[in-house]
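So for the sequence shown, UniProt numbering puts the first residue at 1; every next one is plus one.
Below is one structure, written out as structure tokens; the observations come after it.
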Amino acid sequence: MEKKKGSIFTVLLMILTFVILVRGLFVGTIYVIEDFLKEGEISTPDFIGMPIVDALKVVPRYRLRLNVEGEKYDDHMGKNIIISQEPPPGSSVKKGRTIGIIISKGKKDIVSPDITGLTQRKAEGMILGNNFSLGKKSYAYSEKVKKGNVIAQTPGAGLELREGQFIQMLISKGKREEYIIVPDFSGENYVSVKNKIISLGLNFKDIEYDYDESKNPGEVISHTPIPGKKVLKGTPVILKVNKTTDKLRDNQSDRKEVNFEYSIPDGILEKELRVVLIDDMGIKEVHRNSYQPGTKVSFKMYVVGKGKALIYIDNLKIDEREY
């Protein structure tokens with residue numbers, strides 16, 4: 001009986017051993033197959049952030065290929081930098097697989113605004129409002145552009161620029177201040193002096209009268225600013241002119257009414273008639289107006305003592321009359 005039980009146990013042990021051997025052989029075969037299949041696979045490298053030229057150099061090492069599938073603007077990646085890939089980094093792919101990539105076109109270009117002629121404050125607001133940066137500011141005199149306004153810009157208007165690019169401005173300092181050395185007008189006839197003052201760029205403001213027996217009637221005694229002084233262009237000048245006698249101006253016992261008549265010379269353009277009277281009361285302009293050629297001009301004037309009328313056409317003396 002015991003001999004029979006031993007035989008059964010031996011058979012069972014043999015069967016179990018066979019099963020274990022078969023199962024081990026099966027599992028081992030699976031691993032061998034998996035290893036065989038995996039020999040042609042590779043983990044994809046990370047190309048993101050790499051310049052396309054560098055990626056093309058290194059991709060052959062991995063027995064892979066790259067294909068540019070598109071381009072996109074990107075605020076953070078420079079131009080021609082890889083911004084994405086498919087399959088993503090770390091994926092298992094077969095050798096020889098093509099990796100699709102998207103490369104950056106850089107920041108999107110913006111058209112530069114035209115800021116010429118604007119005030120500095122408005123120009124700066126327009127630069128910043130269009131997502132550009134404030135560049136260097138330079139200053140220069142300008143005869144045309146108002147002080148504080150933009151004369152020119154760099155880069156110019158209407159150009160496609162990168163967002164955040166610097167725009168430089170040339171700002172007007174206004175007209176250049178010109179200085180003039182005041183000549184000595186004393187002893188000259190006030191009429192010619194007035195014309196000189198205007199031609200020098202000074203401003204003829206007024207005439208004051210006084211008496212100086214050493215000078216002829218109508219001659220300049222003195223003036224303000226004084227001779228030799230350096231003044232800005234446009235500075236007002238006041239002349240002190242010699243009158244004929246030292247009679248008081250309210251002494252008009254020798255006052256007489258004179259009817260002045262004159263015919264404007266022929267021509268095409270209108271002409272300016274100016275009449276200056278010199279009498280015992282001094283020198284004064286009694287008439288100034290523009291007329292068409294051939295016009296007959298007539299007006300009344302009053303002369304104290306002996307008088308002389310100086311007649312000017314377009315600031316050129318052409319005649320004089322005594323009264």
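Glycine residues also receive a C-beta, built at the ideal position from the N, C-alpha and C atoms.
- Shown here, glutamate 188 sits in coil according to DSSP, grouped into three states, outside any helix or strand.
- Per DSSP, aspartate 54 is one residue of the alpha helix (DSSP H) stretching across 52-58.
- Judged by pairs of C-beta atoms under 8 Å, the stretch 180-199 does not touch the stretch 149-160, as fewer than three such pairs exist.
- Isoleucine 103 and valine 53 have their alpha carbons spaced roughly 11 Å apart.
- For alanine 157, no beta strand (DSSP E) encloses it, and the DSSP letter there is neither H nor E.
- Within the same chain, Cβ atoms closer than 8 Å to the Cβ of arginine 255 are found at Tyr302, Val303 and Val304, the five residues on either side in sequence being excluded.
- Taking the CA atoms as reference points, lysine 122 sits about 26 Å from lysine 107.
- The stretch 258-277 makes no contact with the stretch 230-238, as fewer than three CB pairs between them are under 8 Å.
- Listed in chain order, the alpha helix (DSSP H) runs fully inside the UniProt domain "PASTA" (176-243) are 190-199, counting runs of at least 4 residues.
- Contact annotation: phenylalanine 166 and serine 133 have beta-carbon atoms nearer than 8 Å.
- Straight across, the Cα-Cα distance linking alanine 157 with arginine 274 is about 53 Å.
- In the structure shown, tyrosine 141 adopts coil according to DSSP, grouped into three states.
- Between valine 276 and valine 220, the CB-CB gap reaches or exceeds 8 Å.
- The Cβ-Cβ distance between isoleucine 99 and asparagine 131 does not fall below 8 Å.
- For methionine 126, the secondary structure class from DSSP, reduced to helix, strand or coil, is helix.
- In the same chain as glycine 70, and ignoring 5 residues on each side of it, the C-beta atoms closer than 7 Å to its own belong to Ile102, in chain order.
- Taking the CA atoms as reference points, glutamine 85 sits about 28 Å from glycine 164.
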